[in-house]
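Report on the structure given below.
There are 2 protein chains.
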Amino acid sequence: MDKVEYNLDQVDLQILRIMQQNARTNNADVARELGMAPSAILERVKKLEQKNVLLEYNARVNPEALDQKMLSFIFIKSHDNIGDQRIGLLLAEIPEVLEVHDIAGDDGYLIKVRTSDSGGLVDLMRNTLSQIDGIVSTRTTIVLETVKEDHKLVIP
Amino acid sequence: MDKVEYNLDQVDLQILRIMQQNARTNNADVARELGMAPSAILERVKKLEQKNVLLEYNARVNPEALDQKMLSFIFIKSHDNIGDQRIGLLLAEIPEVLEVHDIAGDDGYLIKVRTSDSGGLVDLMRNTLSQIDGIVSTRTTIVLETVKEDHKLVIP
DNA sequence: CATGAAATAATAATTTC
DNA sequence: GAAATTATTATTTCATG
């Protein structure tokens, strides 16, 4: 594993704070807020992108507007050997599967899934998950209501 | 609960697709890609924001760069009565807690937490979670490796 | 990291379909 | 009513100090 040095100073952290809050903030506004020249900010943002500190810019779309109201977490027990990620990679290919985490404990994955409704979830499990060879069992947790869903990291 | 009509046409869905992929795509580029006038796109984007279809624009920051390498999911059993969300709201206030979901089954929440390391997780549980009155028990699942973490919805 | 000039984009008003 | 055009203002970008 490559040890990477990020070396972020206070200005970098402030840029991250602003961009995490609103990724569409234009460069001139960031510069104004930080009391610096726009060109200096632009250069830093590009460096942050190059250094893989700023990964991507997403618009968050209301799942309800796309009729994807149902959210579930599924624990998947697998036969993957330690270090192997075959099943994890297959799970990651499913568009409805938003997250795949390799978890400690009894060899398995935790996945986060969005479907239109319980029918969509059943379909996914019957038609897609069941096709993956090596899945031993699944345990599904259904979300009734999401109180917070936000991916903003704590910036020191 | 207000029943909202979103009424998205193909152009709207394409805009969402582009913005979900890269929220910093400028208006002129979206217009070019869709073969429409910039003003028409701008108006649609504003309407999508007003209608709460486009919720917000986030920059995804590399957790490693901010020394937040540890990810955990914690199941929290609570004494919240049905419909009550006191504990959920308290959990949502904790900055390290990125998601709080009210889950079906045995009265509780599933939360997603990012900390620097296992020490940070222990601190959070000892100093913050333990202060919340009404939490009966917790069960923690530790993520060894994230294979996919992406919040792009499936757009029809 | 700042400056300044040229290229490009955003925005608002107006017109057209 | 939605989209295109136009004109004005603002921002990005890049060479240079």
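Keeping their order, the protein sequence lines are chains A and B. Following full-length UniProt numbering, the numbering of the first sequence begins with 1 at its first residue and continues without gaps. Following full-length UniProt numbering, the numbering of the second sequence begins with 1 at its first residue and continues without gaps. Ideal Cβ placement from N, Cα and C applies to all residues, glycine included. Source: prediction; values computed, not measured.
My output table needs one value for residue i: the three-state DSSP class, helix, strand or coil.
{"i": "A/E99", "result": "strand"}
{"i": "B/I23", "result": "According to the sequence displayed, residue 23 of chain B carries Ala and not Ile. Residue state, collapsed to three classes: coil."}
{"i": "A/L110", "result": "strand"}
{"i": "B/K148", "result": "strand"}
{"i": "A/I94", "result": "coil"}
{"i": "A/I41", "result": "helix"}
{"i": "B/I82", "result": "coil"}
{"i": "B/I142", "result": "strand"}
{"i": "A/L8", "result": "coil"}
{"i": "B/G35", "result": "coil"}
{"i": "A/V154", "result": "coil"}
{"i": "B/I87", "result": "helix"}
{"i": "B/I132", "result": "coil"}
Would you list the one or two residues that DSSP bridges to residue i?
{"i": "B/M70", "result": "B/T115"}
{"i": "B/K77", "result": "B/G108, B/S137"}
{"i": "B/L54", "result": "A/V61"}
{"i": "A/V30", "result": "For A/V30, which the question treats as bridged, DSSP gives no partner whatsoever."}
Candidates the options: which alpha carbon is nearest residue i's?
{"i": "B/R24", "options": "A/M36, A/Q50, A/L16, A/E56", "result": "A/E56"}
{"i": "A/K148", "options": "B/G88, B/D150, B/H151, B/T128", "result": "B/G88"}
{"i": "B/R44", "options": "B/D9, B/A59, B/S137", "result": "B/D9"}
{"i": "A/F73", "options": "A/V4, A/Y109, A/A31", "result": "A/Y109"}
{"i": "B/T140", "options": "B/A59, B/H101, B/L71", "result": "B/L71"}
{"i": "A/D117", "options": "A/V136, A/P156, A/E96", "result": "A/E96"}
{"i": "A/T146", "options": "B/L98, B/S39, B/S78, B/I142", "result": "B/L98"}
{"i": "B/R86", "options": "B/G134, B/I155, B/K152", "result": "B/G134"}
{"i": "A/E49", "options": "A/M19, A/E93, A/I132", "result": "A/M19"}
Could you run through the region 106-124 of chain A and flag, in chain order, every residue whose CB is less than 8 Å away from some CB of chain B?
-> For the region 106-124 of chain A, the set of residues with a beta-carbon nearer than 8 Å to any beta-carbon of chain B comprises Y109, L110, R114, in chain order.
Residues within the region 77-110 of chain A neighbouring chain B, beta-carbon criterion of under 8 Å | If the cut-off is 8 Å between Cβ atoms, the region 77-110 of chain A has Q85, G88, L89, L91, A92, P95, E96, V97, L98, E99, V100, H101, D102, I103, A104, G105, Y109, L110 near chain B.
Scan the UniProt domain "HTH asnC-type" (8-69) of chain A for residues whose Cβ lies nearer than 7 Å to a Cβ of chain B and list them as they occur along the chain.
-> Taking 7 Å as the Cβ-Cβ cut-off against chain B, the residues of the UniProt domain "HTH asnC-type" (8-69) of chain A that qualify are L8, L16, M19, Q20, N22, A23, R24, N52, V53, L54, L55, E56, Y57, N58, A59, R60, V61, N62, P63, A65, L66, Q68.
The region 123-154 of chain B: which residues have C-beta closer than 8 Å to a C-beta of chain A, in chain order?
-> Legend: CB atoms of the region 123-154 of chain B lying less than 8 Å from CB atoms of chain A belong to residues T141, I142, V143, L144, E145, T146, V147, K148, E149, D150, H151, K152, L153, V154.
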